[in-house]
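Residue numbers (my numbering), protein chains in the order written: chain A, 4 to 275; chain B, 4 to 275.
For glycine and all other residues, C-beta sits at the position ideal for the given N, C-alpha and C.
There are 2 protein chains.
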Amino acid sequence: MRIGYVQYNPSFGEVDRNIKTAVDLIGSVRADLLVLPELCMTGYLITSRHEIADLAEEIPGGKTTEALAELARKRSCFLVAGLAERSGDNLYNSAVLVGPEGYIGHYRKLHLFFEENLWFTPGDGDLPVFDLGTTRVGIMICFDWIFPEATRTLALKGAQVVCHPANLVLPFCQDAMKTRCLENRVFAVTANRTGVEERGGKSLSYTGMSQITGPEGEIIHRCGGEDVKVVVEKIDPVRAENKAINEYNDLFRDRRPEYYAMLAKKRSNGND
Amino acid sequence: MRIGYVQYNPSFGEVDRNIKTAVDLIGSVRADLLVLPELCMTGYLITSRHEIADLAEEIPGGKTTEALAELARKRSCFLVAGLAERSGDNLYNSAVLVGPEGYIGHYRKLHLFFEENLWFTPGDGDLPVFDLGTTRVGIMICFDWIFPEATRTLALKGAQVVCHPANLVLPFCQDAMKTRCLENRVFAVTANRTGVEERGGKSLSYTGMSQITGPEGEIIHRCGGEDVKVVVEKIDPVRAENKAINEYNDLFRDRRPEYYAMLAKKRSNGND
């Protein structure tokens with residue numbers, strides 16, 4: 004199957020323009036699955052809750068999800084894209100999955116980064132894995148990468164390809180994704196944005212370098228830091244089914260969960 | 004405090020000679036904590052269970068543990084070293100911790116690599132953390148690195164420094180330890196061996212490049228691939244207490260264990 008990413012530089016608040024940018028970039032590209040960046044139609048450097056509340060949309064039903072679904076229908080592909088979600092009084096940093104038949108599902112970022120904590124409610128649903136027929140895809144968003152439990156959870160739930168919309172400003176993630184894919188034997192598509200946002204006296208520079216990573220930790224493709232482009236690579240998702248690394252070791256079978264203290268401390272819900 | 008590693012090339016089966024090599028290398032080095040490689044007094048490329056059964060020792064009480072304890076007493080330091088353990092009918096790939104007062108504790112490798120599965124029993128105890136007064140140290144061995152749960156468990160249990168005896172033959176671990184330390188905000192000392200072992204028609208080349216890694220994922224020191232030496236670096240273990248990476252994010256507080264599927268599948272004890 005052909006998987007890839009769309010790396011570009013959204014303009015803050017200009018949803019229609021950003022949708023057109025993404026649609027134009029994707030153009031006539033042939034792909035089965037494309038990942039777009041985090042908050043890819045609103046921009047990222049939010050300066051007030053009011054501001055992002057005005058831009059956030061319902062999922063499904065909002066303008067962005069509708070536009071993405073229309074694009075997925077026309078291109079006969081699946082799209083994963085980050086967007087600001089409004090649900091009742093809550094705002095979420097979410098990612099939606101759409102396909103040729105329309106809306107499929109979405110994920111609300113579990114681990115909010117930095118000032119996202121001022122605007123968004125932390126995710127209150129599971130890390131999801133969707134069976135698309137040709138492959139099983141999981142979704143996580145940006146900062147989720149630093150918690151090994153996120154990718155592990157997706158892989159244990161059967162994800163072959165981890166879709167990873169991002170707005171990365173630190174230099175660690177791209178290399179760390181080699182470890183994430185190696186330890187879980189999965190593919191990942193990290194779709195990062197480019198450019199600099201300057202708003203309200205603040206500034207953020209995004210690192211680009213979107214990356215398609217393979218189950219042996221190999222970088223299948225890493226984009227330039229400032230390129231605006233779509234990159235598609237052909238992969239065999241079945242490779243992610245094989246957790247064996249030699250005749251004696253299978254990375255999932257060899258786990259010893261009875262000795263892991265993963266749930267033992269620092270539970271955010273206090274239910275120790 | 005001063006932490007470091009001893010990188011050298013043990014000769015298979017020559018326990019007395021290997022002990023002397025380690026003692027000579029450590030010489031008059033001033034350190035608070037030194038880590039030696041996996042199976043550092045027996046060699047690694049085992050060709051029969053009988054062979055390693057003859058070389059394995061009880062912990063505590065065996066010749067190697069006694070020699071290490073004597074060295075720790077003379078040098079007024081703590082030592083972590085990998086050795087083959089015999090306990091009843093079982094053999095374990097273990098690591099012992101000794102200090103100026105003698106034997107403190109040991110760990111039995113939970114995740115056996117490749118043909119280790121032919122000779123050793125998988126570890127049947129916890130990933131341990133020991134409070135040495137000046138610092139809290141955790142122990143894991145070699146291939147444990149690829150399971151993010153191992154380092155995570157040690158960090159959640161309070162380890163500030165992860166002692167990591169290794170006999171690495173693949174090229175992935177050293178870079179991955181940057182991610183392990185970054186995601187857990189801990190120090191790690193990966194003590195690898197050097198050289199080539201050729202026995203029974205088989206051959207293994209060890210990659211050296213022992214590494215001291217810091218809680219921001221920084222490589223404090225990485226050894227050459229073939230150097231035989233002791234390296235000691237001064238660190239402040241208290242840095243590992245701070246899991247906050249900015250005013251909004253604390254990597255332990257931000258965990259969302261209620262959404263992690265870490266225990267949900269592939270339990271090796273079949274208690275799903």
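With C-beta atoms as the reference, is residue i less than 9 Å away from residue j?
i	j	result
A194/A	H224/A	no
G7/A	V235/A	yes
V165/B	G141/B	yes
L159/B	M265/A	yes
E41/B	I144/B	yes
V38/B	A84/B	yes
A191/B	T154/B	yes
L130/A	Y106/A	no
I9/A	L28/A	Contrary to the premise, residue 9/A reads as Val rather than Ile in this sequence. In this structure, L28/A lies closer than 9 Å to V9/A by Cβ.
V101/B	T138/B	no
Q163/A	P103/A	no
How far does the alpha helix (DSSP H) with residue i in it reach, from first residue to last?
i	result
R52/A	R52 to L58
P103/A	Per DSSP, P103/A belongs to no alpha helix (DSSP H) and is neither H nor E.
T216/A	It is not in any alpha helix (DSSP H) - T216/A instead sits in the beta strand (DSSP E) that spans Q214 to T216.
N223/B	This sequence places Ile at residue 223/B; Asn is not what is there. That residue, I223/B, is in no alpha helix (DSSP H); its beta strand (DSSP E) goes I222 to R225.
R76/A	K66 to R78
K246/B	Unbroken run through K246/B: none, as it is neither H nor E.
K23/A	V18 to I29
T156/A	P151 to L159
Take residue i as the anchor and find which of the options has the nearest alpha-carbon.
i	options	result
F123/B	A70/B, L28/B and R89/B	R89/B
L94/B	G203/B, V83/B and K112/B	K112/B
D57/A	L82/A, L74/A and F15/A	F15/A
T210/A	L173/A, M180/A and N187/A	L173/A
T216/B	V233/B, A243/B and G46/B	A243/B
L171/B	N12/B, R5/B and T182/B	N12/B
K205/A	I49/A, M44/A and C43/A	I49/A
E345/B	R33/A, L121/A, E54/A and P63/A	Only positions 4 to 275 of chain B appear in the structure, and residue 345/B is not among them; the question remains open.
D230/B	R52/B, R196/B, E69/B and E261/B	R196/B
I248/A	E186/A, C226/A and D92/A	E186/A
R52/A	T182/A, E118/A, L82/A and R258/A	E118/A
E261/A	G126/B, F116/B and R202/B	G126/B
I238/B	G227/B, K232/B, E219/B and C226/B	E219/B
L157/B	V32/B, F255/B and R259/B	F255/B
E60/B	T182/B, C176/B and G91/B	G91/B
R258/A	D134/B, H114/B and V32/B	H114/B
V199/A	P103/A, V18/A and G228/A	G228/A
G108/A	K66/A, N96/A, I62/A and G136/A	I62/A
At a Cβ threshold of 9 Å, is residue i touching chain A?
i	result
P151/B	yes
G126/B	yes
N272/B	A caution first: N272/B carries a pLDDT of 33, below 50, which makes its placement in the model unreliable, though a value can still be read off. Chain A contact via Cβ: present.
F146/B	yes
F123/B	no
P260/B	yes
A243/B	no
K268/B	Here the model assigns K268/B a pLDDT of 44, short of 50, so the residue's position is not dependable, and the following value carries that caveat. True, the Cβ-Cβ gap to chain A drops below 9 Å.
T156/B	yes
Y251/B	yes
Against chain B, with Cβ distances strictly below 9 Å, would residue i count as a contact?
i	result
D134/A	no
F116/A	yes
R20/A	no
K205/A	no
L185/A	yes
N120/A	yes
L171/A	no
L94/A	no
F175/A	yes
N195/A	no
D57/A	no
T182/A	yes
A191/A	no
A264/A	yes
Check for me: the beta strand (DSSP E) holding residue i runs from which residue to which?
i	result
Q10/A	R5 to Q10
D134/A	V132 to D134
C176/A	First-last for C176/A: C176 to N187, but that is the alpha helix (DSSP H), not the beta strand (DSSP E).
P168/B	V164 to P168
F142/B	For the record, residue 142/B in the displayed sequence is Ile; it is not Phe. Here the beta strand (DSSP E) through I142/B covers R139 to I142.
E119/A	Unbroken run through E119/A is the alpha helix (DSSP H), E119 to W122; no beta strand (DSSP E).
S14/B	S14/B -> no beta strand (DSSP E), and no H or E assigned at all.
A87/A	F81 to S90
Problem - the segment 71 to 78 of chain B in contact with the segment 143 to 151 of chain B per 3-pair CB rule at 8 Å - result: No, they do not touch.
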